[in-house]
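Before any comments, here is the structure.
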DNA sequence: TACATCATTTTGATCGTTCAAACTCACGGA
DNA sequence: TCCGTGAGTTTGAACGATCAAAATGATGTA
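Protein chains in written order, with our numbering: chain A, 4 to 324; chain B, 4 to 324.
Below, the structure written as structure tokens:
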């Protein structure tokens with residue numbers, strides 16, 4: 004039923020050669036206007052669509068961007084919203100998103116290597132960059148086009164394009180918000196030192212306090228769970244804290260059981276649901292910039308080397324009041 | 004650098020013809036064992052990977068499954084976990100997942116039509132089936148292989164394979180749980196009648212009460228928001244309800260502000276975080292069955308026509324106690 | 001010895017597109 | 001008249017794989 008419509012069918016109907024049809028679609032400027040119209044009409048009539056496989060065979064370009072779909076331990080993350088934005092942005096640029104899974108960095112590299120031979124994605128988008136990330140170096144060595152959501156942490160910068168959200172600016176804004184509303188003893192509930200993201204978020208809180216000449220002693224590290232978040236909040240309030248800035252919504256949720264003056268990070272659905280104030284990441288824009296940088300590089304367009312976007316502080320009131 | 008390794012390179016190194024290499028990879032049983040070993044060694048040495056585009060050109064099969072990535076209004080859904088499971092299951096069967104976005108049914112049909120001409124996915128996985136769903140009929144008319152996560156609701160059944168979770172069985176189990184712990188006035192907070200999923204979940208609650216000869220008058224419809232969930236809970240408890248079965252975690256979260264004896268649906272991260280009891284869907288298994296049915300049909304293997312899986316009741320205690 | 005049989009391997013064609021080069025033809029200048 | 005120029009179009013080849021059919025060669029049988 005309905006055999007595949009090829010470029011030859013269009014050419015026949017329009018009374019031109021295959022190449023002219025190809026030109027109408029790829030380099031319209033070299034074709035006479037009248038011919039162009041005739042070909043486009045034929046394309047429309049037959050419902051012709053260029054075969055991605057055949058095009059890829061000839062040009063070597065797949066119009067595919069590969070992205071790893073992350074596993075979410077506690078589900079309180081923002082990956083899905085970002086992925087949706089990425090898919091949309093990719094579509095606007097004529098690309099499609101191809102998913103893959105991986106268990107760790109090495110496994111991801113293996114998968115990318117396999118993907119590279121089979122589907123030949125034009126580009127890769129990595130997420131969750133971290134210290135000593137082996138993936139960026141591997142990709143850079145092979146000259147594979149990629150962009151990361153997450154800046155290069157530590158000494159592993161290979162000069163690749165990246166997009167990230169300014170965590171420090173966010174926690175600094177949150178801390179200033181508390182300062183402005185009269186708080187003086189503001190604590191921070193973070194992760195164990197060593198994670199780029201966590202240290203960055205701590206830095207913003209610390210910076211805001213130091214600027215006011217205040218002490219930064221109300222600082223606790225946790226494993227990121229709600230339970231430890233609550234415990235940390237209990238201890239910090241015990242030590243005099245009246246407000247808490249948190250590294251994530253998960254720990255903030257725990258802290259919320261201790262005091263209302265808490266700000267989380269990521270503005271996850273959980274935060275919205277329970278009325279937790281939080282720092283929201285501009286995920287759609289992050290995704291759009293990722294695609295822009297990647298496709299820009301793919302088409303030889305000059306692009307910025309990176310983008311650092313600001314989170315937005317969302318203040319919520321207790322829904323029970 | 005590192006020009007593409009083709010089947011011809013492998014053939015040359017192994018001292019055989021292209022076709023023999025192809026046979027080793029696709030029909031190993033026709034090749035002599037000794038030759039097979041030699042070819043496999045050459046494949047290994049050169050790091051050969053079959054080109055998906057070239058294979059597709061010849062065979063017409065892309066090894067791609069297309070899936071729409073949903074937008075999440077309140078973010079309290081399970082799509083991302085299901086998608087991860089789907090990607091994993093697809094990989095195990097030698098398929099990759101290609102994403103696309105759509106704004107509504109018609110737009111999705113357009114996109115599928117475009118995709119069909121360009122990337123020629125071997126199959127489609129639809130989610131969120133509903134009454135008068137135009138998508139299934141459209142796909143069935145064109146004989147495109149697909150499976151849905153969600154049964155055919157209403158009269159639009161075109162006899163396609165589907166996988167779904169037995170919502171009624173879930174709410175029935177939740178209701179029985181409350182009955183077993185002594186409750187007699189158990190309410191239901193649902194959605195407006197008309198949605199297949201919502202009506203199904205209401206039916207399970209109703210069935211459990213009727214089996215005990217109890218009245219099913221404690222039944223309210225909402226728009227699905229936390230706010231209306233809370234309002235409904237207030238009214239139902241006012242009318243004597245001591246326990247509430249809810250159509251979703253979102254409304255359950257609202258109800259939780261009124262009473263502890265609440266069960267939600269979907270077991271979202273929010274539920275886990277706030278200690279809300281809920282009905283969890285076996286998403287990984289749903290995803291695996293979707294892939295199994297679809298790839299089974301694609302390879303001519305006989306497959307079941309559908310699968311109805313049971314949710315699991317997760318009872319949680321108040322984390323604050 | 002001649003021939004049919006079978007297992008194994010090879011050859012040639014093909015999928016649909018685009019690249020590179022060649023062709024056509026109207027036009028203008030010498 | 002002849003030729004160069006350039007806009008517009010066409011032709012042939014190639015991308016890398018697999019299908020279908022043909023070739024090869026060892027084995028058994030009449």
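Positions of the beta carbon are idealized from the N, C-alpha and C atoms, including for glycine.
- Distance check between residue 118 of chain A and each of B:52, B:211 and B:63 places B:52 closest, using alpha-carbon atoms only.
- Comparing alpha carbon positions, the residue from A:208, A:84, A:288 and A:21 closest to residue 166 of chain A is A:288.
- Taking 8 Å as the threshold, the shortest C-beta distance from residue 87 of chain A to chain B falls below it.
- Contact of residue 56 of chain A with chain B is assigned, a C-beta pair being separated by under 8 Å.
- Burial state of residue 161 of chain B is exposed, judged by a 10 Å Cβ sphere holding fewer than 16 other Cβ atoms.
- For residue 89 of chain B, the secondary structure class from DSSP, reduced to helix, strand or coil, is helix.
- Just so you know, the alpha carbons of residue 223 of chain B and residue 194 of chain B end up roughly 8 Å apart.
- For residue 318 of chain A, there is no enclosing beta strand (DSSP E), since its DSSP letter is neither H nor E.
- For residue 237 of chain B, there is no enclosing beta strand (DSSP E); the enclosing alpha helix (DSSP H) covers residues 229 to 241.
- For residue 24 of chain A, the enclosing alpha helix (DSSP H) has its first and last residue at 21 to 29.
- Residue 54 of chain B is classed as buried because its beta carbon has at least 16 other beta carbons within 10 Å across all chains shown.
- Under the Cβ distance rule, residue 272 of chain B counts among the residues neighbouring chain A, one pair being separated by less than 8 Å.
- Look at residue 53 of chain B here: in three-state DSSP terms it is coil, with no helix or strand label.
- DSSP places residue 180 of chain A inside the alpha helix (DSSP H), whose first and last residues are 170 to 183.
- DSSP, read as helix, strand or coil, puts residue 114 of chain B in helix.
- Straight through space, the alpha carbons of residue 181 of chain B and residue 219 of chain A are spaced by roughly 49 Å.
- Across the set B:231, B:157, B:177 and B:132, the C-alpha of B:177 shows the shortest separation from the C-alpha of residue 247 of chain B.
- Using a C-beta cut-off of 8 Å, the region 36 to 49 of chain A makes no contact with the region 77 to 97 of chain A, since fewer than three inter-stretch Cβ pairs fall below that distance.
- Taking a 10 Å sphere around the C-beta of residue 321 of chain A, we find fewer than 16 other C-beta atoms and assign the residue as exposed.
- Between residue 314 of chain B and residue 292 of chain B, the alpha-carbon positions lie close to 15 Å from each other.
- Contact annotation: the region 86 to 93 of chain B does not touch the region 140 to 149 of chain B, with fewer than three C-beta pairs closer than 8 Å.
- Only those residues of the region 93 to 105 of chain A whose C-beta falls short of 8 Å from the nearest C-beta of chain B are listed: 94, 99, 100, 101, 102, 103 and 104.
- With at least 16 other beta carbons inside 10 angstroms of its own, residue 284 of chain A counts as buried.
- Judged by beta-carbon spacing, residue 115 of chain A lies within the 8 Å limit of residue 69 of chain A, meaning their Cβ atoms are closer than that value.
- In this structure the region 258 to 268 of chain B lies against the region 234 to 249 of chain B, because at least three pairs of beta carbons, one per stretch, are closer than 8 Å.
- Contact annotation: residue 281 of chain A and residue 290 of chain A have beta-carbon atoms that are not nearer than 8 Å.
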